[in-house]
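Accompanying notes for the structure given below.
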Amino acid sequence: MEQQKEVTLSYLAEKLGGTLVGEDLTVKTISSIEEPVDSSVVVLTNRKYLNLLKDERIKAVVVYDTIKEKIEKPHIIVKEDKLILVKLLNIFYPEKSFTPYISSNASINVSAKVGVDCFIGDFVSIGEHSEIGDNSYISSGVKIGNYVRIGKNVKIYPNVVIYDGSVIGDNVIIHAGAIIGADGFGYVNLPNGHVKIRQVGNVIIEDDVEIGANTCIDRAALGSTIIGNGTKIDNLVQIGHNTKIGKNCIIVSQVGIAGSCKIGDYVILAGQVGIADHVKIADGTIIMAQAGVMSDIEEKGVYLGSPVMDARLFMKNSAVFKELYEMKKTLSKIVEGK
Numbered sequence: 002m003e004q005q006k007e008v009t010l011s012y013l014a015e016k017l018g019g020t021l022v023g024e025d026l027t028v029k030t031i032s033s034i035e036e037p038v039d040s041s042v043v044v045l046t047n048r049k050y051l052n053l054l055k056d057e058r059i060k061a062v063v064v065y066d067t068i069k070e071k072i073e074k075p076h077i078i079v080k081e082d083k084l085i086l087v088k089l090l091n092i093f094y095p096e097k098s099f100t101p102y103i104s105s106n107a108s109i110n111v112s113a114k115v116g117v118d119c120f121i122g123d124f125v126s127i128g129e130h131s132e133i134g135d136n137s138y139i140s141s142g143v144k145i146g147n148y149v150r151i152g153k154n155v156k157i158y159p160n161v162v163i164y165d166g167s168v169i170g171d172n173v174i175i176h177a178g179a180i181i182g183a184d185g186f187g188y189v190n191l192p193n194g195h196v197k198i199r200q201v202g203n204v205i206i207e208d209d210v211e212i213g214a215n216t217c218i219d220r221a222a223l224g225s226t227i228i229g230n231g232t233k234i235d236n237l238v239q240i241g242h243n244t245k246i247g248k249n250c251i252i253v254s255q256v257g258i259a260g261s262c263k264i265g266d267y268v269i270l271a272g273q274v275g276i277a278d279h280v281k282i283a284d285g286t287i288i289m290a291q292a293g294v295m296s297d298i299e300e301k302g303v304y305l306g307s308p309v310m311d312a313r314l315f316m317k318n319s320a321v322f323k324e325l326y327e328m329k330k331t332l333s334k335i336v337e338g339k
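For the sequence shown, our numbering gives the first residue as 2, with consecutive numbering after it.
Dropping the structure here:
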């Protein structure tokens with residue numbers, strides 16, 4: 002990624018609202034405290050990493066004011082801030098702006114509308130009556146169907162496919178290879194085979210959503226599959242038809258959500274969680290990795306296991322499970338009178 006030129010520690014201190022202690026050096030980049038690179042600044046948020054500051058490649062440190070130990074190298078003292086790394090990354094790796102452009106290799110239907118200051122890359126296809134909002138970036142190989150509406154400041158990476166009728170809000174990011182609006186997996190099962198149920202609904206992606214690479218969100222049979230404002234979806238996630246996901250959810254890779262589920266606001270689904278069809282999950286629920294959800298979760302909490310249960314109960318059961326074999330042997334001896 003493109004990086005800004007070297008910066009002084011006084012500049013960083015000003016931008017971070019911190020206090021510089023020591024020499025006003027120039028640093029080239031930010032790096033991990035565990036994997037430093039030459040002439041870098043690192044962030045120290047935990048005392049256990051103090052000994053790593055001896056590495057000569059580390060020229061300066063950004064440190065929370067809660068850490069009182071003496072630091073020999075030039076350092077910037079800041080208040081504890083979850084966004085400190087985000088701020089530093091934005092300084093050293095500012096987001097690259099694009100020059101508005103429409104490739105001569107793009108195929109844009111005459112009835113489609115492209116807003117101002119957009120980038121339309123090579124071999125992009127935009128179907129009938131579709132609309133692209135202002136300041137949007139559509140990378141090479143993206144296929145946009147008919148009657149699609151895409152909002153402002155949207156970034157779509159290569160080879161994304163957006164099927165007919167899909168609606169994408171403002172400030173949405175869709176990573177490479179994602180599929181929005183493919184048919185839901187719906188069939189009538191008969192003795193002589195399976196009859197496809199036509200999927201005539203659509204997908205609605207609300208504002209400020211990010212969708213990871215190779216994620217698939219299926220269109221509704223009727224109505225809409227909906228992804229709520231601010232929700233972030235990792236790579237390789239499958240979301241079934243007619244599912245409604247609330248706002249500001251976190252959905253980690255390889256989660257599978259069957260059709261017609263209702264996921265509340267601020268829900269976290271960890272990696273490889275599986276959710277059966279027509280399940281409802283309460284706001285603020287956390288479901289830990291590889292859990293299997295077969296029925297509604299009505300109370301906010303932390304859940305684990307398959308079938309899912311309260312995470313604390315699952316851990317207690319797991320501790321007992323390790324002893325089951327020895328318990329069986331003991332019980333057998335008691336039953337046999339030995």
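Note that beta-carbon positions come from the ideal geometry of N, C-alpha and C, so glycine has one too.
**OP:** Run the CB neighbour count on VAL336, radius 10 Å, all protein chains shown included, and call it buried at 16 or more, exposed below.
**Re:** exposed
**OP:** Count the C-beta pairs between the stretch 286 to 299 and the stretch 259 to 278 that are closer than 8 Å, then say yes if the count reaches three, no if not.
**Re:** yes
Original post:
Any idea what DSSP makes of TYR102, helix, strand or coil?
Top reply: strand
Original post:
Which runs of the beta strand (DSSP E), 3 residues or longer, sit entirely within the stretch 71 to 96?
Top reply: 76 to 79
Original post:
Counting Cβ pairs closer than 8 Å, one from the stretch 60 to 70 and one from the stretch 11 to 26, do we hit at least three?
Top reply: yes
**OP:** Indicate the three-state DSSP secondary structure (helix, strand or coil) for GLU211 in the structure shown.
**Re:** strand
**OP:** Could you pull out every residue in the same chain whose Cβ sits closer than 6 Å to the Cβ of GLU129, ignoring the five residues on either side in sequence?
**Re:** ASN110, SER112, ASN147
Subject >> ILE335 (DSSP reduced to helix, strand or coil) >> reply: helix
**OP:** Grab the span of the alpha helix (DSSP H) containing LYS317 for me, first residue to last.
**Re:** 312 to 322
Original post:
What residues are listed by DSSP as bridge partners for ILE151?
Top reply: ILE133, ILE169
Original post:
Around the C-beta of SER105, are 16 or more other C-beta atoms found within 10 angstroms, so that it is buried, or is it exposed?
Top reply: exposed
Subject >> Straight-line gap, LYS233 to SER141 (C-alpha atoms, nearest Å) >> reply: 23 Å
Original post:
Is LYS88 near the ligand GTP, in the sense that its beta carbon is under 7 Å from a heavy atom of that ligand?
Top reply: Because no ligand of any kind appears in the structure shown, any question about the ligand GTP cannot be addressed here.
**OP:** Determine the burial state of PHE120: buried for a count of at least 16 other Cβ atoms within 10 Å of its Cβ, exposed for fewer.
**Re:** buried
**OP:** Pull up the distance between the alpha-carbon of LYS323 and that of ILE212, whole angstroms please.
**Re:** 39 Å
Subject >> Residue range of the unbroken beta strand (DSSP E) whose run includes LEU26 >> reply: Note, LEU26: premise wrong, no beta strand (DSSP E); not H, not E.
Subject >> Under 8 Å between C-beta atoms of ILE206 and VAL168 >> reply: yes
Original post:
What do you reckon, are the CB atoms on SER126 and ASN154 nearer than 8 Å?
Top reply: no
**OP:** Go to LEU10, then tell me how far its alpha helix (DSSP H) extends in each direction, as first and last residue.
**Re:** 10 to 17
Subject >> As assigned by DSSP and simplified to three states, the class of ASN52 >> reply: helix
**OP:** Give, in chain order, every unbroken run of the beta strand (DSSP E) that is at least 3 residues long and sits entirely within the stretch 280 to 309.
**Re:** 303 to 305
Original post:
Can you give the beta carbon distance from VAL280 to CYS262, rounded, assuming they're within the 8 Å contact cut?
Top reply: 5 Å
Original post:
Is the beta carbon of VAL44 less than 8 Å from the beta carbon of ILE85?
Top reply: yes
Original post:
Quick one: Cα of THR226 to Cα of LYS80, how far?
Top reply: 42 Å
**OP:** Taking 8 Å as the cut-off, decide whether the C-beta atoms of ILE251 and ILE228 are in contact.
**Re:** no
**OP:** Alpha carbon to alpha carbon, how far is HIS76 from ILE92? Give it in angstroms, no decimals.
**Re:** 17 Å
**OP:** Quick one: grab the DSSP three-state call for TYR188.
**Re:** strand
**OP:** Return helix, strand or coil for SER144, following the three-state DSSP convention.
**Re:** Rather than Ser, the amino acid found at residue 144 in this sequence is Lys. Three-state result, LYS144: strand.
Original post:
What residue does the beta strand (DSSP E) around ALA183 start on, and which one ends it?
Top reply: 180 to 183
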